[in-house]
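Asks: First, the structure itself, so that you have it in front of you.
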Amino acid sequence: MLSKREAYQCCKTQIDKHSKTFSKAFQSLPTANRQAVWAVYAFCRYVDDIVDEGANPKEQLLEFEREFQLFLENNQRHVEHKEETAYIWIALEDVFQSFTMRHEPFLDMIQGQQFDLEEQRIPTLAHTETYGYYVAGSVGLMLQPILAPKRSYEEMKDGAVALGVAMQITNILRDIGEDYEIGRLYVPQSLLDMYPRAMEAITTKTVNEDFVMVWEQMASRADELYEEALRTIHYYPIYSRYSVKAAAHLYWKILDKVRSNGYNVFHERAYVDQTEKKLILEQIQIEGTQNAIS
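If you're matching positions, the sequence shown starts at 4 in the numbering used here and goes up one per residue.
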């Protein structure tokens with residue numbers, strides 16, 4: 004059986020490989036908190052990979068949910084699991100023992116991923132946000148007791164969910180082209196009805212005025228949610244405040260990158276390069292130092 008250290012290392016490998024942005028944002032956390040973030044990321048990544056790459060994703064998702072229920076029923080004590088997922092449960096066992104974790108967001112994440120297995124359109128932006136809660140806002144709730152363990156769930160939940168949903172809308176806006184190629188479209192039908200030529204842009208992989216209008220309306224909502232999330236930043240302890248703020252600003256910057264690419268989400272993937280990341284992180288550090296002095 005894997006040791007706890009080995010299990011966490013497997014989780015770290017996942018976040019380093021699949022999300023350099025999150026890895027960089029959370030690298031300054033104390034060891035226990037940082038490792039807990041790795042474990043949560045590994046859980047979410049595994050669920051996401053089932054949906055995107057699984058041979059029988061519906062069955063595999065149900066099986067993974069059963070594994071999680073088994074994990075919970077054994078009072079977070081590790082039991083026999085498939086070798087493939089053992090590292091997740093070994094790491095999460097330690098996380099659940101070290102922090103006051105809630106199981107509901109983990110189940111919500113699994114439920115949200117089931118949406119991608121069903122061919123259905125999103126009717127309104129409000130429905131986009133609901134989907135965003137299940138696949139990303141839930142992650143904010145998973146991380147809340149790790150990043151702000153002395154704060155209550157009630158005072159932290161709105162900001163945590165807002166940040167997750169903002170990030171998910173950002174993902175949607177960045178990946179419209181990629182998603183459409185695999186039969187997925189998260190742009191709400193109400194906006195496509197309002198700007199009918201936007202769908203033409205998506206199907207022909209060309210940018211037009213209607214597409215920009217739809218994109219900007221969704222981006223505007225993401226902006227509001229980032230701002231809502233950052234209004235709660237002072238609730239986080241000093242040691243995690245930088246990480247949360249860094250994650251928010253690094254992801255938020257993706258929207259500006261899409262704009263600077265002329266909204267071309269069909270032929271190039273917008274990303275924040277290392278120089279830009281460094282400048283953003285340095286600015287956050289400067290602001291943190293100034294706030295501490297004042």
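Cβ coordinates follow ideal geometry from the N, Cα and C atoms, glycine included.
With DSSP collapsed to three states, give me the class of A89.
Replies: helix
Asks: Looking only at its own chain, which residues have a Cβ that is under 6 Å from the Cβ of E9, when we skip the five neighbours before and after it?
Replies: none
Asks: In this structure, does DSSP put V268 in helix, strand or coil?
Replies: coil
Asks: How many Å lie between Q100 and E285 at the Cα?
Replies: 34 Å
Asks: Do you know how far the Cα of T24 is from the Cα of W255?
Replies: 11 Å
Asks: Can you tell me where the alpha helix (DSSP H) holding T127 begins and where it ends?
Replies: Looking at the DSSP string, T127 is not in any alpha helix (DSSP H), and its letter there is neither H nor E.
Asks: Please state the DSSP three-state secondary structure of V275.
Replies: coil
Asks: Could you check whether E158 and Y238 sit closer than 8 Å to each other, using their CB atoms as the reference points?
Replies: yes
Asks: Does H106 come out as helix, strand or coil in the three-state DSSP assignment?
Replies: coil
Asks: Taking the CB atoms as reference points, tell me whether D213 and A201 lie closer together than 8 Å.
Replies: Yes. Within cutoff.
Asks: Closer than 7 Å to a non-hydrogen atom of the ligand ZN - does that hold for the CB of E279?
Replies: In the structure shown, the ligand ZN is absent, as is every other ligand, since no ligand is present at all.
Asks: Relative to the alpha-carbon of K280, which residue among R262, E271, G265 and K248 has its alpha-carbon at the smallest distance?
Replies: K248
Asks: Which runs of the alpha helix (DSSP H) at least 4 residues long sit entirely within the segment 173 to 239? Give them in chain order.
Replies: 179 to 184, 192 to 197, 200 to 207 and 212 to 233
Asks: Starting from P60, trace the alpha helix (DSSP H) both ways and give me its first and last residue.
Replies: Unbroken alpha helix (DSSP H) run through P60: P60 to E76.
Asks: Find out if the Cβ-Cβ distance for the pair L176, W218 is shorter than 8 Å.
Replies: Yes, they are a contact pair.
Asks: Please tell me whether V98 and A163 are closer than 8 Å, where the distance is taken between their beta carbons.
Replies: no
Asks: Check F99 in the structure and name its three-state DSSP category.
Replies: helix
Asks: Are there three or more Cβ pairs, one per stretch, closer than 8 Å when the segment 66 to 79 is compared with the segment 30 to 42?
Replies: no
Asks: For the candidate residues K61, T127 and P152, whose alpha-carbon lies nearest to that of A35?
Replies: Looking at the Cα atoms, P152 is the closest of the given residues.
Asks: Determine the direct distance from the alpha carbon of Q12 to that of L166, and round the result to whole angstroms.
Replies: 27 Å
Asks: Going along the chain, which residues of its own chain have a beta-carbon closer than 7 Å to the beta-carbon of Q17, five neighbours each way excluded?
Replies: In its chain, beyond the 5 residues on either side, Y44, A45 and R48 have a beta carbon closer than 7 Å to the beta carbon of Q17.
Asks: Should the segment 130 to 146 be called in touch with the segment 104 to 120, which here means at least 3 C-beta pairs below 8 Å?
Replies: yes
Asks: Taking I6 as the reference, which of A129, Q288, T103 and W92 has the closest Cα?
Replies: Note on identity: in this sequence residue 6 is Ser, with Ile being the wrong assignment. Comparing Cα-Cα distances from S6 to each of A129, Q288, T103 and W92, the minimum goes to W92.
Asks: Kindly indicate the opening and closing residues of the alpha helix (DSSP H) around M145.
Replies: S141 to L150
Asks: Could you check which residue in Q220, I53 and T209 has the C-alpha nearest to that of Q192?
Replies: Nearest C-alpha to Q192: Q220.
Asks: With 16 other CB atoms within 10 Å as the buried threshold, where does G265 fall?
Replies: exposed
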